[in-house]
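Following: one structure in structure tokens, then a few remarks.
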Amino acid sequence: MDKDCLFCKIIAGEIPSAKVYEDEFVFAFKDINPIAPVHYLFVPKTHICCAKKINPENSQYVAKIFEAMAEVSKQENIESYRIVNNCGEDAGQSVMHLHFHLLAGKKMGWGEQSLG
Ligand code: 5GP
Ligand code: ZN
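Per our numbering, the very first residue in the sequence shown carries number 807; after that it's consecutive.
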């Protein structure tokens, strides 16, 4: 855990969040500024700054996140969804704790215009 990290504080309960899922490896909560009717953030319960730092020692957290996303979407009858990870500033990463956006509930575009 990183004492200066927003998502570490959310995982620890120091900052409130609308939790949607939790297990030993994964914490998931509603994005505070949703861009789709369903917008959840799935984060590992260990501080990994970004996708660049995924390695053989911590990749189990990533696998567990994808399992959790499958479980939550099944429980909530979410038929179709998009998973997004922004890695680095130009890609739009604003919180330096690895997270995957789960977006659903609307028809989504694809291609250059969807990149903003
Ligand atoms: P990024 O831009 O790094 O890919 O995604 C960070 C996400 O975290 C953004 O979608 C933003 O709305 C969300 N976010 C930032 N601060 C908070 C917060 O305090 N609580 C919650 N629930 N979401 C946050
Ligand atoms: Zn963190």
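We put the beta carbon where it would ideally sit given N, CA and C, even for glycine.
Beta strand (DSSP E) segment containing residue i, residue limits
| i | result |
| --- | --- |
| F835 | 832-836 |
| V826 | 825-828 |
Residue interval of the alpha helix (DSSP H) (run including residue i)
| i | result |
| --- | --- |
| L812 | 812-818 |
| V868 | 865-881 |
Residues sharing a beta bridge with residue i, DSSP
| i | result |
| --- | --- |
| V844 | A910 |
| P822 | Paired residue(s): none; P822 is not in a bridge. |
| V849 | F833 |
| V890 | H907 |
Rounded C-alpha distance that separates residue i from residue j
| i | j | result |
| --- | --- | --- |
| H903 | P822 | 17 Å |
| M780 | K836 | Residue 780 cannot be examined here, being either before or after the span of the chain that is shown, 807 to 922. |
| V901 | K880 | 27 Å |
| G819 | Q919 | 37 Å |
| A842 | W916 | 15 Å |
| E830 | Y867 | 10 Å |
| L908 | M875 | 8 Å |
| H853 | C814 | 7 Å |
Closest Cα partner of residue i within the set the options
| i | options | result |
| --- | --- | --- |
| G898 | C856, R888, L812, G819 | C856 |
| K912 | I884, A869, E895 | I884 |
| V890 | E863, N864, F813, H905 | H905 |
| M807 | V849, L908, S886 | V849 |
| Y887 | V878, A869, K825 | V878 |
| S796 | H845, L847, E882, V832 | Because the chain is modelled from 807 through 922, residue 796 falls outside the range shown and cannot be assessed. |
| A824 | L847, K858, D810 | L847 |
Residues proximal to the ligand ZN by C-beta, any heavy atom closer than 5 Å: D808, C811, F813, C814, H853, H903
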